[in-house]
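Residues in the sequence shown are numbered from 1 upward in steps of one, following full-length UniProt numbering.
Where is the CB? At the ideal position from N, CA and C, for every residue including glycine.
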Amino acid sequence: MAAKSNDLNKPTLTDDTQDDKNENTLTENYFAVSVLRDFILPDLLDKDTVELLYWAGKNLSRQLILDMQSLPDLFKKAGFGKLEITKQTKHSYIYTLTGPEVVQRFDTNNDDPEFSLETGIIAETVEKTIGAYCLGTYTVNSKAKSVSIKIQIDRN
1 MAAKSNDLNK
11 PTLTDDTQDD
21 KNENTLTENY
31 FAVSVLRDFI
41 LPDLLDKDTV
51 ELLYWAGKNL
61 SRQLILDMQS
71 LPDLFKKAGF
81 GKLEITKQTK
91 HSYIYTLTGP
101 EVVQRFDTNN
111 DDPEFSLETG
121 IIAETVEKTI
131 GAYCLGTYTV
141 NSKAKSVSIK
151 IQIDRN
């Protein structure tokens, strides 16, 4: 079921049962997620895509009853990419999203991919975990093909 790419620098699609040691592979989950998020939903939601996907992400987090420690595993299983917390302050958390899934989204979307669904999931999960209102924003790094997701905490 695994397809090999002729270009060794490109990520390849792999069977989920394969060993996770090769971090330069796309899972089968990626394809389904990508088709929905990058093609079908933007056609249906049009100009409201960013806002609606952000709130859909927050709602999904509520339904999945996540905590901050479970986020990296969820992102991996969902085919979103590798999620790491890279900075934490009293007023914010900064996460970095990388991996072949993210690279593929940059390639598919002409260096302008949208990550509001992921941002909403993280924002709501942090909010539930710490018990304070949170707002998430993301910044794409087209050169590095990575995403920085900042969760701002309002402790008032």
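Counting only unbroken stretches of 3 or more residues, the beta strand (DSSP E) elements lying wholly within the region 45-94 are 82-88, in sequence order. Excluding residues up to 5 positions away in sequence, 74, 125 lie with their Cβ nearer than 7 Å to the Cβ of residue 66 in the same chain. With a threshold of 16 other beta carbon atoms within 10 Å, residue 133 falls short and is exposed. Looking only at 104, 156, 88, the smallest Cα-Cα distance to residue 79 is reached by 104.
By the neighbour-count criterion, in which 16 or more other beta carbons inside 10 Å mark a residue as buried, residue 115 falls on the buried side.
In this structure, 92 is the residue among 45, 119, 92 with its C-alpha nearest to the C-alpha of residue 155. Here DSSP, grouped into helix, strand and coil, assigns residue 131 to coil. Taken atom to atom, the span from the alpha-carbon of residue 147 to that of residue 51 is near 18 Å. Going by DSSP, residue 103 is part of the alpha helix (DSSP H) stretching over 100-108. Scanning 123, 76, 142, 143 for the CA closest to the CA of residue 62 turns up 123.
Taking every protein chain shown into account, the CB of residue 35 has fewer than 16 other CB atoms within 10 angstroms, so this residue is exposed. When DSSP reads this structure, residue 147 sits in a beta bridge with 97, 140.
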